[in-house]
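Engineer:
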Amino acid sequence: MFEASIKTKAMQWYYVAALLTVLTSSQGILTTLSQSHGKYVYDYATIPFLAEVFKLLVSSLLLWKECRASPSTRMTTDWKSVRLYPIPSVIYLIHNNVQFATLVYVDTSTYQIMGNLKIVTTGILFRLFLKRKLSNLQWMAIILLAVGTTTSQVKGCGAASCDSIFSAPIQGYMLGVLSACLSALAGVYTEFLMKKNNDSLYWQNVQLYTFGAIFNMARLLVDDFRGGFENGPWWQRLFNGYTITTWLVVLNLGSTGLLVSWLMKYADNIVKVYSTSMAMLLTMVLSVYLFNFKPTLQLFLGIVICMMSLHMYFAPSNVLVDIPVTVKAAPEGLKDVSVERRIES
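Heads up, the sequence shown is in the working numbering, so the first residue is 365 and it goes up one at a time.
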């Protein structure tokens, strides 16, 4: 019965992936709308902390309901298992610092384009650490996805930022590659955690988000010490400047994290990569209508390439390649009759 439940949930991954695409695409838009005159009137470092708290509360509530409905809910509580859950938070913490260091050497456009390397690095780590074999067509699809997202972000040849892509110092490229590897590593390791046993998804989430909230709270404390507590401790200004739109950003970020954990449990990292990549393209399309973003030929070509990649990766191989139908050999008796008829004729 448990295996049947897993199979049913695995068949629903495309609904979750579609919802993740929509929520991820609206993150940037909501964040932009939460600004006032182009500036943040709230402490944006509090957003990830509140999102982690939201995910922790939702997961705790769902775990409580699951335990009431099924007393046999699996929850591994030994230290050898629990001690593995802070690791993704540590990786993301290092990744965030590498991101800031990268932006010291490269401009924003170059950074966004280099960020597409995580698509390929995710595929590589997915194969190396999780031992998940990908077909040649799937590898081609992943590379096409990276090419498509990059194409959509490249501006016209007359733009000044075009030249800057190839003019960054070597430190910028090295940090960009490191950032892509860390992002992929965090995702692959999280998938390993979610699938290493049959524990309840909500129990695994409680462990992940407990450590996530602790690390984000530690970051707020470090910021206070660096600023000499000039604006007071973080808990006194936690909701300063918050509006309805700001709360929507928190809700969106938290809901996105819950959907990602579901995909890690019942699908895989590649599905998440496709969802976030398609979300980026959807954001650019919506920006045309919301922020007067000028559509480009590169954006159109990028969308076409990404759609081809999506079809190539998930479509059955017999749809992509014409496999010749093998004709069964006729029984010996029929062969003899056919030979006799030929002789008589």
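Beta carbons are placed, not taken as given, at the ideal position from N, Cα and C, and that holds for glycine.
Who pairs with LYS403 in a beta bridge, going by DSSP?
Structural biologist: The partner list for LYS403 (beta bridge, DSSP) reads SER400.
Engineer: Identify every run of the alpha helix (DSSP H) within the segment 452-526, keeping only runs that are complete inside it and at least 4 residues long; order them along the chain.
Structural biologist: DSSP runs (the alpha helix (DSSP H)) wholly in the segment 452-526: 472-478, 481-493 and 500-517.
Engineer: Ordered along the chain, which non-local residues of its own chain (more than five positions away) have a Cβ less than 7 Å from that of ILE507?
Structural biologist: Within the same chain, ILE507 has close Cβ partners VAL484.
Engineer: Counting along the chain, where does the alpha helix (DSSP H) carrying GLU416 start and finish?
Structural biologist: Residues 410-433.
Engineer: Rounded to a whole number of angstroms, what is the C-alpha to C-alpha distance between LEU425 and PHE418?
Structural biologist: The straight-line gap from Cα to Cα measures roughly 11 Å.
Engineer: So, for PRO450: in the same chain, excluding its five sequence neighbours on each side, which residues have a beta-carbon less than 6 Å away from its beta-carbon?
Structural biologist: If we look at PRO450 and ignore the five residues flanking it on each side, its Cβ neighbours are PHE575.
Engineer: Count the other CB atoms within 10 Å of the CB of GLY402; is the residue buried (16 or more) or exposed (fewer)?
Structural biologist: Under this definition GLY402 is an exposed residue.
Engineer: Is it buried or exposed, TYR566, if we count other Cβ atoms within 10 angstroms and call 16 or more buried?
Structural biologist: So TYR566 counts as buried.
Engineer: Near SER516, what residues of its chain come up, given a Cβ to Cβ distance below 7 Å and the 5 sequence neighbours on each side ignored?
Structural biologist: Answer for SER516: LEU645, MET648, GLN662, LEU663, GLY666 and ILE667, listed in chain order.
Engineer: Among residues of its own chain, excluding the 5 on either side of THR393, which ones have a beta-carbon nearer than 7 Å to its beta-carbon?
Structural biologist: Just to set this straight, residue 393 is Ile in the shown sequence, not Thr. Correct list, in chain order: THR647, LEU650 and LEU654.
Engineer: According to DSSP, simplified to helix, strand and coil, what is GLN568?
Structural biologist: Of the three classes helix, strand and coil, the one that applies to GLN568 here is helix, per DSSP.
Engineer: Starting from the C-beta of LEU585, find all residues in its chain whose C-beta is less than 8 Å away, skip the five residues before and the five after it, and write them out in chain order.
Structural biologist: These residues qualify, in order along the chain: TRP598.
Engineer: Whose C-beta lies closer than 8 Å to the C-beta of PHE556 among residues of the same chain, with five residues either side of it excluded?
Structural biologist: Same-chain partners within the cutoff: PHE493 and LEU494.
Engineer: What separation, rounded to the nearest whole angstrom, lies between the Cα atoms of ILE411 and PRO435?
Structural biologist: ILE411 and PRO435: Cα-Cα distance of roughly 35 Å.
Engineer: So, is LEU384 buried or exposed, given that buried needs 16 or more other C-beta atoms within 10 angstroms?
Structural biologist: By the neighbour-count rule (16 or more Cβ atoms within 10 Å), LEU384 is buried.
Engineer: Count the other CB atoms, across all protein chains shown, that sit within 10 Å of the CB of SER390; report buried if there are 16 or more and exposed otherwise.
Structural biologist: With 16 or more Cβ atoms within 10 Å of its Cβ, SER390 is classed as buried.
Engineer: Give me the Cβ distance between SER639 and THR388, rounded to the nearest whole Å; I'm assuming they're in contact under 8 Å.
Structural biologist: Right, their Cβ atoms sit about 7 Å apart.
Engineer: Do you know offhand how far TRP443's Cα is from ASN562's?
Structural biologist: Using only the alpha carbons, I get a separation of about 17 Å.
Engineer: Since LYS560 is in the alpha helix (DSSP H), which residue starts that stretch and which ends it?
Structural biologist: First-last for LYS560: undefined, no H or E at that position.
Engineer: Taking DSSP as the reference, what is the three-state secondary structure of GLY540?
Structural biologist: Three-state result, GLY540: helix.
Engineer: How long is the line joining the alpha carbons of VAL511 and TRP626, rounded to whole angstroms?
Structural biologist: Each residue's Cα considered, the two are about 27 Å apart.
Engineer: To which residues of the same chain is MET676 closer than 8 Å at the C-beta, ignoring the five residues directly before and after it?
Structural biologist: Excluding positions up to five away in sequence, the list reads LEU501, GLN502, MET504, ALA505, LEU508 and LEU684.
Engineer: With a CB to CB cut of under 8 Å and the five nearest residues on each side skipped, what residues in its chain are close to GLY522?
Structural biologist: Reliability of the predicted coordinates at GLY522 is poor, the pLDDT of 49 falling under 50, and the value obtained from them is presented with this limitation in mind. Result list for GLY522: empty, nothing under 8 Å.
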